Amino acid sequence: MLHGKWIDFCAGTLVGAMLLMAATPAAADPLPAEFLGKFRGIVTSGVGEIEGDFNMVSSAKRGGFSMAWSPGKSAEFQPSKNRNVFKAPDRGRLFEGAPAFWSRLEDGKLIVYSMQIDAHGGYDIYTFIYTPAEGGLDMIIRHLRSGSGPMESSARLKRHDG
Amino acid sequence: MTVERGFFPAFAAFLAILLLMAPAANADDQDIPVEKFFGAYVGDAVIEGTMQFRDIIVSIEPIRNGFSVYTSTVIRTGPKRATSDVKWRAETQNFVQTDTPHVYEPLVRKSMFSEKRDPNLLAGDTLAWASIRGRTLGIYAMNVLEDGHYELRVFERTLTDLGMDISFVRYIDGVATRELNGNLARTKGDVDEN
Numbered sequence: 001m002l003h004g005k006w007i008d009f010c011a012g013t014l015v016g017a018m019l020l021m022a023a024t025p026a027a028a029d030p031l032p033a034e035f036l037g038k039f040r041g042i043v044t045s046g047v048g049e050i051e052g053d054f055n056m057v058s059s060a061k062r063g064g065f066s067m068a069w070s071p072g073k074s075a076e077f078q079p080s081k082n083r084n085v086f087k088a089p090d091r092g093r094l095f096e097g098a099p100a101f102w103s104r105l106e107d108g109k110l111i112v113y114s115m116q117i118d119a120h121g122g123y124d125i126y127t128f129i130y131t132p133a134e135g136g137l138d139m140i141i142r143h144l145r146s147g148s149g150p151m152e153s154s155a156r157l158k159r160h161d162g
Numbered sequence: 163m164t165v166e167r168g169f170f171p172a173f174a175a176f177l178a179i180l181l182l183m184a185p186a187a188n189a190d191d192q193d194i195p196v197e198k199f200f201g202a203y204v205g206d207a208v209i210e211g212t213m214q215f216r217d218i219i220v221s222i223e224p225i226r227n228g229f230s231v232y233t234s235t236v237i238r239t240g241p242k243r244a245t246s247d248v249k250w251r252a253e254t255q256n257f258v259q260t261d262t263p264h265v266y267e268p269l270v271r272k273s274m275f276s277e278k279r280d281p282n283l284l285a286g287d288t289l290a291w292a293s294i295r296g297r298t299l300g301i302y303a304m305n306v307l308e309d310g311h312y313e314l315r316v317f318e319r320t321l322t323d324l325g326m327d328i329s330f331v332r333y334i335d336g337v338a339t340r341e342l343n344g345n346l347a348r349t350k351g352d353v354d355e356n
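Keeping their order, the protein sequence lines are chains V and Z.
For the first sequence, this note's numbering gives the first residue as 1, with consecutive numbering after it.
For the second sequence, this note's numbering gives the first residue as 163, with consecutive numbering after it.
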């Protein structure tokens, strides 16, 4: 009798826990290990503010990840309702030039975005596409800004933390 | 006296430096004021790579602390307007100056129950704004979609001797997916009234 109640209690708790899990938004998968670590390379044909030595450092953080990259940018990407999309918290008013950062995973690639309204009221958007490659990451940078056509460049980033 | 003799040349030099710095500090004075855009314009446009034509009327007017843009678009598929598949749409966009020079934000009418708040781009809101660069008035609208792709719509209106060149480009993740270009003439009536 007691045994039966104990099973009922366990089953009830399990169902309750499952319901709770179903009710909370799905946590994003941690970022695949290929994208975590320290990487560096050279962007030979520069786009926007990115030219020459390029460093990227990333680490897992609270279900998402933090990333810093040249020249002096950094963001903490947090999980969102969509398990493949990560968003950085507000940095201030976009109308006053504060940047917005977000990222997503698709087909084994990590895509990181930064968007800013520039000092002249124009758009200034960078897209970084990282693909795992031997010894590091292949990176494509796209730059879209007011007053010029889309620009693109690429570089091989070598892992240098191992 | 010695102090004064030393002070005035130094002060004069300081003023001279200020004068030299002034043009550099005001490097954006080539941006024309929004008033230059006020008027009515009529013309046509075509979607690049297609035979889809648009008959367009644009009217730009002042509003308090900003401007209003009315755009009427007749969407036709051939040389004639009077066909059974002709479509028409019109919209008015109102923008007001922000605290940041060059940047205008959409006029949002506050209700007594709601606080004015900035759009939250990463939560799915449309971020719209306008700015003037040189002779071009740009109106921009951006969305970050739920799957993380972004869409940017760029409407640019550039003043010309005839009136105004217009261009519209839609970018999805940085790639142009739709492009429209056209030429408008400033209407005479508008010139007479002003």
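Just so it is clear, CB atoms sit at the ideal spot from N, CA and C, and this is done for glycine as well.
It should be emphasised that the depicted structure is a prediction, and the values quoted were computed from it without experimental measurement.
Please state whether DSSP places K242(Z) in a helix, a strand or coil.
-> Note: K242(Z) maps to coil in three-state DSSP.
Step through the CB atoms of chain V and report whether any lies within less than 8 Å of the CB of L346(Z).
-> Not a single C-beta of chain V is nearer than 8 Å to the C-beta of L346(Z).
With 8 Å as the threshold, decide whether the Cβ of V196(Z) is near any Cβ in chain V.
-> No, no contact with chain V.
Identify the residues that DSSP records as bridge partners of K87(V): which are they?
-> Beta-bridge pairing by DSSP links K87(V) to Q78(V), W102(V).
Neighbour flag for T131(V) against chain Z, beta carbons, 8 Å = Not an interface residue.
Specify whether the stretch 112 to 123 of chain V and the stretch 39 to 53 of chain V touch according to this definition: at least 3 beta carbon pairs, one from each stretch, less than 8 Å apart.
-> Using a C-beta cut-off of 8 Å, the stretch 112 to 123 of chain V makes no contact with the stretch 39 to 53 of chain V, since fewer than three inter-stretch Cβ pairs fall below that distance.
Could you name the residues of the same chain whose beta carbon sits closer than 6 Å to that of Y126(V), not counting the 5 residues immediately before and after it, in chain order?
-> Once the five neighbours on either side are set aside, the close Cβ partners of Y126(V) are S114, H143.
Contact belief for A347(Z) with L324(Z) at Cβ below 8 Å, rounded distance in angstroms = Rounded, the Cβ-Cβ distance is 5 Å, consistent with contact.
List the residues of chain V that R295(Z) touches, going by C-beta distances under 8 Å, in chain order.
-> Within chain V, the residues near R295(Z) are H120, G121, G122, S146, G147.
So, using beta-carbon positions, are F228(Z) and S146(V) closer together than 8 Å?
-> Reading off the sequence shown, one finds Gly at residue 228(Z), where the question assumed Phe. No; because the gap between Cβ atoms is not below 8 Å, this pair is not in contact.
Check M18(V) in the structure and name its three-state DSSP category.
-> A caution first: M18(V) carries a pLDDT of 49, below 50, which makes its placement in the model unreliable, though a value can still be read off. Correct three-state label for M18(V): helix.
Ignore the nearest five residues each way along the sequence and tell me which others in F215(Z)'s own chain have a CB closer than 7 Å to its CB.
-> Within the same chain, F215(Z) has close Cβ partners D206, V208, R238.
With DSSP run on the structure shown, which of helix, strand or coil describes E134(V)?
-> Three-state DSSP puts E134(V) in coil, outside helix and strand.
Are the C-beta atoms of Y232(Z) and some chain V residue less than 8 Å apart?
-> No, Y232(Z) does not count as interfacial toward chain V.
V270(Z) versus chain V: which residues are under 7 Å apart at the beta carbon?
-> Here the premise fails: no neighbours, minimum Cβ distance about 12 Å.
Output yes if chain V places a C-beta closer than 8 Å to the C-beta of T260(Z); else output no.
-> Yes, because at least one Cβ of chain V sits closer than 8 Å to the Cβ of T260(Z).
Using a Cβ-Cβ distance under 8 Å, would G310(Z) count as near chain V?
-> Taking Cβ atoms only, chain V reaches closer than 8 Å to G310(Z), which makes this a yes.
Just the Cα atoms here: how many angstroms apart are A338(Z) and T131(V)?
-> Linking A338(Z) to T131(V) through their CA atoms gives a straight-line distance of about 23 Å.
Alpha-carbon spacing of R319(Z) relative to A75(V), whole angstroms | The alpha-carbon separation between R319(Z) and A75(V) amounts to approximately 35 Å.
Expected contact under 8 Å - CB spacing of S293(Z) and V265(Z) to nearest Å | Here S293(Z) really is in contact with V265(Z); their C-beta atoms are around 5 Å apart, less than 8 Å.
What three-state label does DSSP hand A285(Z) in the structure shown?
-> Helix, per DSSP.
Which residues does DSSP pair with T254(Z) in a beta bridge?
-> DSSP lists Y232(Z) as the beta-bridge partner residues of T254(Z).
Identify the contact partners of V300(Z) in chain V, using a Cβ-Cβ distance below 8 Å as the criterion.
-> Just to set this straight, residue 300(Z) is Gly in the shown sequence, not Val. Against chain V, the beta carbon of G300(Z) has neighbours under 8 Å at G121, G122, S146, listed in chain order.
To the nearest angstrom, report how far apart E34(V) and Q259(Z) are at their CA atoms.
-> Take the alpha-carbon of E34(V) and the one of Q259(Z): they are about 46 Å apart.
Exposed unless 16 or more other CB atoms sit within 10 angstroms - verdict on M304(Z) | Buried.
Which one or two residues does DSSP pair with Q116(V) in a beta bridge?
-> D124(V), per the DSSP bridge assignment.
Is the CB of G211(Z) under 8 Å away from at least one CB in chain V?
-> Taking Cβ atoms only, chain V never reaches closer than 8 Å to G211(Z), which makes this a no.
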